[in-house]
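This report concerns only the one structure given below.
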Amino acid sequence: MTPQAAEAALFDDVLMHEDRRAAAFLPDGPDAAPIHDCVARAEMLLVALAHSENVRGTEDKDDLAETSSALQRVEAKVDLLLGLFGRLMRERGQLPQPTLLRWSPRGARVSMQGDAIAVRPGTAGVLRVQPAEWLPDCIDLPARVIATDGREVWLEFGPLSPALSDALERHLFRLHRRQVAESRRLR
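Position 82 (the sequence shown) corresponds to 82 in the numbering used here; numbering is contiguous.
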């Protein structure tokens, strides 16, 4: 498949998000973990992330201002700890390096670096991606290379459970909505 055809197959007529984030394609998967374990863990993490972000975004600031202020201080401290933990994991090489990533519920286009450029169409593996900047953890999405141009690879996700597909679509919608709101604020 050509890169143009892969781009159309993965991103035409579907919600997608593009930004710079920690992501990497790992051929042959993470330590030969079974696909269903990767799918279940990714689903659990995306659902927990959605609940966490919904709680943060729906607090009523007028009600219980003192409690809300105390909760905000605790959240700030937890965010600092997560940031430190993330830096430690990145220094130990356990988090991928930030790269340009375009992804949708169907798949992703990721910029490759180093030895990973040698992957060929048909290669199976996982896309390891950090779903939130503040969370020093990654999800592994089963994927197969459908095209490459030497600098980038196009990955088709699968097999994903219906629950993971739904959680991924909701996560990408929140990222897209946040990106649109940020661009409006900058105008």
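Glycine included, C-beta positions come from ideal geometry on N, C-alpha and C. Remember, it's a predicted structure, so these values are computed and weren't measured experimentally.
Discussion item. Given this structure, state the Cα-to-Cα distance separating ALA8 from LEU168, to the nearest angstrom.
Written reply: Stepping through the sequence shown from its first residue, residue 8 is reached at position 8. Stepping through the sequence shown from its first residue, residue 168 is reached at position 168. One C-alpha to the other measures close to 19 Å.
Worksheet entry | Distance, GLY122 Cα to VAL14 Cα | Taking the first residue of the sequence shown as position 1, residue 14 is located at position 14. Taking the first residue of the sequence shown as position 1, residue 122 is located at position 122. Between VAL14 and GLY122, the C-alpha separation is close to 23 Å.
Worksheet entry | Distance, ALA70 Cα to ARG20 Cα | As a working mapping, residue 20 is identified with position 20 in the sequence shown. As a working mapping, residue 70 is identified with position 70 in the sequence shown. If I take the Cα positions, the gap works out to 33 Å.
Discussion item. Taking 6 Å as the limit between beta carbons, can you name the residues of its chain near PHE157, skipping five residues before and five after?
Written reply: As a first step, residue 157 is located in the sequence shown; it is residue number 157 there, counting from the start. Closer than 6 Å at Cβ, skipping near neighbours: GLY107, LEU141, ALA143.
Fill in: Status (buried if at least 16 other CB within 10 Å, exposed otherwise) for GLN130
Residue mapping note: residue 130 aligns to position 130 of the sequence shown, counting from 1. Buried, because 16 or more other Cβ atoms sit within 10 Å of the Cβ of GLN130.
Worksheet entry | Span of the alpha helix (DSSP H) around PRO3 | Numbered from 1 along the sequence shown, position 3 holds the residue referred to as residue 3. Unbroken alpha helix (DSSP H) run through PRO3: 3-11.
Worksheet item: Does the separation of the CB atoms of PHE191 and GLY125 fall below 8 Å?
Response: Here the chain comprises residues numbered 1 to 187, so residue 191 is not present and cannot be evaluated.
Discussion item. Whole angstroms are fine: how far does the CA of ARG120 sit from the CA of ARG177?
Written reply: The sequence position of residue 177 within the sequence shown is 177, counting from 1. The sequence position of residue 120 within the sequence shown is 120, counting from 1. Straight-line Cα distance between these residues: approximately 34 Å.
Worksheet item: Which residues in the same chain as SER104 place their Cβ atom closer than 8 Å to its Cβ, once the five residues preceding and following it in sequence are excluded?
Response: Taking the sequence shown and counting its residues from 1, one reaches residue 104 at position 104. LEU10, PHE11, VAL14, LEU15, MET16, HIS17, LEU172.
Worksheet item: Under 8 Å, do SER111 and LEU100 count as touching if we go by C-beta distance?
Response: Stepping through the sequence shown from its first residue, residue 111 is reached at position 111. Stepping through the sequence shown from its first residue, residue 100 is reached at position 100. For SER111 and LEU100, yes; Cβs fall inside 8 Å.
Worksheet item: If you run the structure through DSSP and keep just helix, strand and coil, what is ARG128?
Response: Numbered from 1 along the sequence shown, position 128 holds the residue referred to as residue 128. Reduced to three states, the DSSP call for ARG128 is strand.
Worksheet item: Cα separation between LEU49 and GLN4?
Response: Start at 1 with the first residue of the sequence shown, and residue 49 comes out as number 49. Start at 1 with the first residue of the sequence shown, and residue 4 comes out as number 4. LEU49 and GLN4: Cα-Cα distance of roughly 33 Å.
Worksheet item: Which residue's Cα is closest to the Cα of ILE35: ILE146, GLN179, ALA6, LEU127?
Response: Reading the sequence shown from its first residue, position 35 is the one you call residue 35. Ranking ILE146, GLN179, ALA6, LEU127 by Cα distance to ILE35 puts LEU127 first.
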